[in-house]
Amino acid sequence: MNAAEEKHPVAATQAAEAPQWEHYSKCIHCGLCLNACPTYRLLGVEMDSPRGRIYQMIQVEQGRLRLGKPYAHHMDLCLNCRACETACPSGVEYGRLVEAARSEIERAYRRPWAERWARKFFFDYLLPSRRRLEMAGNVLRMFQRSGLEKALLTSGVLKIMPGRMDAVARLAPRMEKPFFTDWLGRVIPASGGRRYRVAFFAGCIANLAFARLNEATVRLLARNGCEVVIPKAQGCCGALHVHAGLRDTARQLAVANITAFAREGVDAIITNTAGCGAVLKEYPILFERADREWHEPAKGFSARVKDVTEFLASIDFCQDFAPVKARATYQDPCHLLHAQRIRSAPRKLLAAIPGLDLVELKEAEICCGSAGIYNVVQNEMAERLLAAKMRRIDETGADMILTANPGCLLQLRAGVARSTQNQRRVLHVVELLDEAGRKQELT
Amino acid sequence: MKSPPLIRELVRATNTEAVLWRAEDLLLYEYDALSVMRQPEAVVFPTTTEEVVRVVGIAAQQGVSVIPRGAGTGLSGGATVAERGILIALSRMNKIVEIDLENQRARVQPGVVNLDLSRAVEDAGYYFAPDPSSQKACTLGGNVAENSGGPHTLAYGVTTHHALGLEIVLSDGDVIHTGAKFWDRPGYDLTGVVVGSEGTLGIVTEITVRLCRLPEAVKTLLAIFDRVLDATRTVAAITARGITPAALEMMDGFTLRAVEAATGAGYPIDSAAVLLIEVEGLREAVEEQAQAIEAVCRENSAREVRCARSEEERALLWKGRKNAFGALGRIAPNYYVQDGVIPRTRLPEMLEFTAEVEKRYALRIGNIFHAGDGNLHPLIMFDARDRSECERVVRAARDLIAKCVEMGGSITGEHGVGVEKNELMPLIFSEDDLEMQRRIKGVFNPSGLFNPGKVLPTGKMCGELRIQIGAGA
Chain G
13 MNAAEEKHPV AATQAAEAPQ WEHYSKCIHC GLCLNACPTY RLLGVEMDSP RGRIYQMIQV
73 EQGRLRLGKP YAHHMDLCLN CRACETACPS GVEYGRLVEA ARSEIERAYR RPWAERWARK
133 FFFDYLLPSR RRLEMAGNVL RMFQRSGLEK ALLTSGVLKI MPGRMDAVAR LAPRMEKPFF
193 TDWLGRVIPA SGGRRYRVAF FAGCIANLAF ARLNEATVRL LARNGCEVVI PKAQGCCGAL
253 HVHAGLRDTA RQLAVANITA FAREGVDAII TNTAGCGAVL KEYPILFERA DREWHEPAKG
313 FSARVKDVTE FLASIDFCQD FAPVKARATY QDPCHLLHAQ RIRSAPRKLL AAIPGLDLVE
373 LKEAEICCGS AGIYNVVQNE MAERLLAAKM RRIDETGADM ILTANPGCLL QLRAGVARST
433 QNQRRVLHVV ELLDEAGRKQ ELT
Chain D
242 MKSPPLIREL VRATNTEAVL WRAEDLLLYE YDALSVMRQP EAVVFPTTTE EVVRVVGIAA
302 QQGVSVIPRG AGTGLSGGAT VAERGILIAL SRMNKIVEID LENQRARVQP GVVNLDLSRA
362 VEDAGYYFAP DPSSQKACTL GGNVAENSGG PHTLAYGVTT HHALGLEIVL SDGDVIHTGA
422 KFWDRPGYDL TGVVVGSEGT LGIVTEITVR LCRLPEAVKT LLAIFDRVLD ATRTVAAITA
482 RGITPAALEM MDGFTLRAVE AATGAGYPID SAAVLLIEVE GLREAVEEQA QAIEAVCREN
542 SAREVRCARS EEERALLWKG RKNAFGALGR IAPNYYVQDG VIPRTRLPEM LEFTAEVEKR
602 YALRIGNIFH AGDGNLHPLI MFDARDRSEC ERVVRAARDL IAKCVEMGGS ITGEHGVGVE
662 KNELMPLIFS EDDLEMQRRI KGVFNPSGLF NPGKVLPTGK MCGELRIQIG AGA
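Chains G and D, in that order, give the protein sequences. First residue of the first sequence? That's 13 in our numbering, and the numbers climb one at a time after it. First residue of the second sequence? That's 242 in our numbering, and the numbers climb one at a time after it.
As structure tokens, this is what we get:
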């Protein structure tokens with residue numbers, strides 16, 4: 013063992029967040045998860061399967077396996093898509109296990125310095141601060157508008173850079189001015205009579221890169237009789253932190269959000285982002301073994317969180333849509349389907365649009381490779397998953413690709429951009445509903 | 242860390258990405274779905290038959306045995322290492338080579354997942370009939386090795402009825418082809434010999450399978466009983482009327498409560514047992530059969546007979562059944578599933594005996610049967626941290642199997658012999674029977690290179706179940 017891999021002193025609460033017997037003992041190593049796992053499907057090795065990852069966690073705990081680089085590698089390579097949870101007959105909560113394992117890795121394993129620095133900048137400095145995010149967004153926007161980005165991408169300079177810079181740079185989202193940050197703190201009245209009062213969870217990067225999607229979401233909610241509160245003090249949900257094992261920061265962000273939304277008497281807290289929604293619904297888990305006093309408030313908060321498709325499908329939603337003449341297919345976002353178990357809601361909403369021919373996508377339950385920032389940090393694997401996804405999409409003959417999560421949108425748009433087939437629109441379900449609804453109002 | 246010479250040769254025969262040999266990787270190949278065994282000395286992932294030939298050649302030359310492995314979902318330890326050896330993992334040989342719909346055939350590599358084959362041909366109206374509960378993960382190569390069955394075995398038979406031809410790498414590196422796309426090739430039925438041989442005769446590198454047409458109509462009934470005895474009696478009563486359902490499954494109350502918690506399929510949690518019965522075929526015939534079955538159920542005191550009203554409802558009922566083993570993982574940290582066969586007429590008696598065993602050893606046993614073909618899956622629940630309980634589990638399993646044999650049944654229906662039951666083989670075979678099997682093995686695998694210590698008794702633990710309950714996880 014080299015010095016860099018020596019264990020660090022253990023903080024009591026963090027040690028308690030390692031994978032727990034009560035959770036991993038549910039795994040009976042039957043292997044029914046294997047073919048549901050995107051990394052196993054591509055690599056075919058146990059180490060990169062859900063069953064194998066759980067087995068490794070157990071061996072680490074029992075001292076048969078060192079908590080070192082290979083272990084960290086296999087845990088990092090997991091997309092945390094949680095398709096294995098859907099496949100698992102024993103009810104193993106794999107997401108919780110891998111998140112705990114990553115928190116333990118964070119405590120006991122020292123990553124290479126460049127990785128540590130990049131993680132610190134992104135997770136601790138950038139994401140938690142709206143001001144810094146906005147500054148970064150402005151810089152990126154200038155870069156994109158000046159033509160510098162295009163020049164860089166077409167020059168081929170990035171192709172000779174190490175670490176797949178070229179592929180990663182192509183994933184950078186468009187910065188959408190005006191940013192949605194202007195809307196924070198506002199209350200949008202319901203159009204028609206007020207039937208519900210809901211709060212909108214705006215996200216962090218989405219305020220900059222999905223400003224139009226956020227606006228469409230608020231408009232659609234208002235059109236469905238919702239008065240929409242957008243609390244100003246809200247911030248990043250902490251999902252990326254939880255996935256990366258940074259539970260202390262995640263807890264700070266959670267506390268900020270629980271407090272920000274606690275003041276609002278609302279029927280539901282709505283998000284259009286499946287990854288955020290999943291963690292918002294699981295805030296109580298963060299407070300099971302640390303900061304226990306927040307456990308109850310977290311439960312109260314999480315009970316009100318709803319994905320926008322889930323909420324709309326549960327009410328008598330406005331079905332007054334202009335016809336959309338398109339053949340479309342729908343890719344299930346993993347954190348909607350597997351983490352939140354929402355499958356029928358988006359399909360029910362889409363079925364209400366006249367003219368829309370929805371073709372089921374084979375393997376729609378398999379991750380597209382986006383997975384938060386996975387497509388940046390594990391670009392090679394993400395690219396292979398995207399290629400497989402695009403082949404399945406091509407088979408459908410769809411001219412419109414729908415999904416329900418911004419991360420998936422970015423990934424699928426990157427897939428369409430490099431496809432040799434016709435360019436196809438890639439939309440959030442909400443965007444299409446908003447578009448078809450507004451068109452109908454104009455006619 | 243420098244790789245040993247064996248590893249360097251294996252890499253030369255394949256490529257660096259295709260060989261695992263570091264301790265932290267081999268650790269992950271000491272288990273399958275049954276238990277924890279030994280670690281292999283290497284795991285090789287060939288992608289072509291030629292690579293398999295080269296790997297087998299190296300193993301033969303170096304005197305290490307070779308164990309084939311698919312997805313490692315087996316329940317008798319067949320894909321784990323019993324003595325010493327390298328694993329040939331076939332998960333990357335997962336191409337469907339040819340689909341010939343006109344002739345209802347497909348040629349596949351052994352690593353293709355069972356359900357993936359059915360999915361690939363479902364739009365055209367076909368499927369691969371053998372449907373083990375692990376079908377969403379298990380491989381066709383594994384199905385061939387274990388001669389797997391499933392709920393629909395009752396009407397469609399097991400893998401041997403659907404595997405028509407094989408490409409096999411022998412221990413001397415020769416590649417032979419058995420069978421063909423068509424039925425009834427002259428000469429000895431070597432396909433039939435190799436299917437179910439659990440990797441002890443050779444490494445299967447390609448399989449020609451039969452594809453079945455999806456039925457015009459399917460009807461799935463759920464018969465609910467307040468007494469287990471009534472459910473078991475109904476099974477023989479149905480077949481006695483000359484009806485062969487496509488599937489006829491039984492779950493007891495204990496099991497279906499866990500299943501219901503796992504899937505929410507609508508299984509009645511207050512009942513003592515249910516029968517899940519499926520009939521399929523032409524629309525009119527299916528209707529008639531369903532009515533006849535419902536009548537038999539009612540005659541045998543079924544409280545209620547439900548019919549799945551939609552494809553979703555049907556799929557959910559089957560999801561519940563197929564996930565039943567795992568669902569019991571919610572109740573106790575570990576379970577040991579037994580796999581025995583009895584004549585279906587003796588189900589009531591067998592269930593009484595199981596209840597006795599449960600009491601005798603102070604254990605909880607869930608009962609899931611492929612009732613139609615008398616294939617039992619008692620699931621013995623335990624906590625591996627309790628040593629005394631582990632011992633009782635093995636003794637209970639031994640008693641259950643002995644009872645199956647006594648009733649004129651078998652020590653395994655579909656999970657295979659593997660390392661678990663090879664010492665039990667003398668319970669159902671005479672010494673002459675076993676000698677004939679040994680001689681056949683000697684013809685294919687004279688040096689004992691392939692999967693040693695499996696299927697045939699080694700004589701080391703005569704008459705005992707060879708399973709280490711509670712080892713590892």
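For every residue, glycine included, the Cβ atom is placed at its ideal position computed from N, Cα and C.
Interface annotation for the stretch 348-364 of chain G against chain D: empty, criterion Cβ-Cβ distance under 8 Å.
V241 (chain G) is outside the set of residues whose beta carbon lies under 8 Å from a beta carbon in chain D.
Under the DSSP assignment, Y577 (chain D) falls in the beta strand (DSSP E) whose first and last residues are N575 to V578. Under the DSSP assignment, F623 (chain D) falls in the beta strand (DSSP E) whose first and last residues are N616 to F623.
Bridge partners of L439 (chain G) according to DSSP: G:L414.
Between the alpha carbons of E705 (chain D) and S551 (chain D) lies a gap of roughly 47 Å. Taken through DSSP and simplified to helix, strand or coil, P427 (chain D) comes out as coil. In the assembly as shown, W125 (chain G) is an exposed residue. Its beta-carbon has fewer than 16 other beta-carbons within 10 Å. Linking L617 (chain D) to Q376 (chain D) through their CA atoms gives a straight-line distance of about 19 Å. The beta carbon of H41 (chain G) falls within 8 Å of a beta carbon belonging to chain D, placing the residue at that interface. Among the residues of chain G, those whose CB is under 8 Å from the CB of T314 (chain D) are C42, G43, L44 and L46, following chain order.
Look at Y342 (chain G): its C-beta is not under 8 Å from any C-beta on chain D. Ranked by Cα distance from V336 (chain G), the first of G:L370, G:K81, G:D88 and G:I242 is G:L370. The beta carbon of K401 (chain G) sits closer than 6 Å to the beta carbons of C380 from its chain, once the five residues preceding and following it are set aside; these are given in chain order.
Contact annotation: in the stretch 313-346 of chain D, residues whose CB is within less than 8 Å of a CB in chain G are G313, T314, A330, S332, R333 and N335. Judged by DSSP in its simplified three-state form, R555 (chain D) adopts helix. Per the DSSP secondary-structure output, M492 (chain D) pairs in a beta bridge with D:V515 and D:I609. Secondary structure in the stretch 321-378 of chain D: the beta strand (DSSP E) runs of 3 residues or longer, each lying completely within the stretch, are 326-330, 337-341 and 346-349 in chain order. For D415 (chain D), there is no enclosing alpha helix (DSSP H), as DSSP gives it neither H nor E. With its beta carbon at least 8 Å from every one in chain D, L373 (chain G) lies outside the interface.
L261 (chain D) sits away from Q280 (chain D), with the two beta carbons spaced by 8 Å or more.
For A259 (chain D), not one C-beta of chain G is nearer than 8 Å to its own C-beta. The CB of M59 (chain G) comes closer than 7 Å to the CB of D266 and L269 in chain D, given here in chain order. Its chain contains N387, V388, L422 and A426 as the residues whose beta carbon lies nearer than 7 Å to that of L183 (chain G), once the 5 sequence neighbours on both sides are disregarded; these appear in chain order.
The criterion of a C-beta distance shorter than 8 Å is not satisfied by G440 (chain D) and T401 (chain D). Collapsing the DSSP output to three states places I484 (chain D) in coil. Classified as exposed, F423 (chain D) has fewer than 16 neighbouring CB atoms from the shown chains inside 10 Å of its CB. Runs of the alpha helix (DSSP H) lying entirely within the stretch 345-424 of chain G, each at least 4 residues long, are 346-349, 356-363, 386-389 and 391-408 in chain order. DSSP, reduced to helix, strand and coil, places D446 (chain G) within a helical segment of the structure shown.
Setting aside the 5 residues that flank it on each side, E375 (chain G) is surrounded in the same chain by R404, each with a C-beta closer than 7 Å to its C-beta; the list follows chain order. Distance from the Cα of G615 (chain D) is smallest, within the candidate group D:V410, D:G654 and D:C548, for D:G654. Using a CB distance cut-off of 8 Å, A448 (chain G) does not count as an interface residue toward chain D. Within the stretch 271-291 of chain D, the residues whose Cβ lies closer than 7 Å to any Cβ of chain G are, in chain order, Y272, A274 and F286. Note: K318 (chain G) is bridge-paired with G:I282 in the DSSP secondary-structure output.
Taking the C-beta atoms as reference points, L79 (chain G) is found nearer than 8 Å to A120 (chain G). Sequence-distant partners of D332 (chain G) (beyond 5 residues in either direction) whose C-beta falls short of 6 Å from its own C-beta, in its chain, are Q452.
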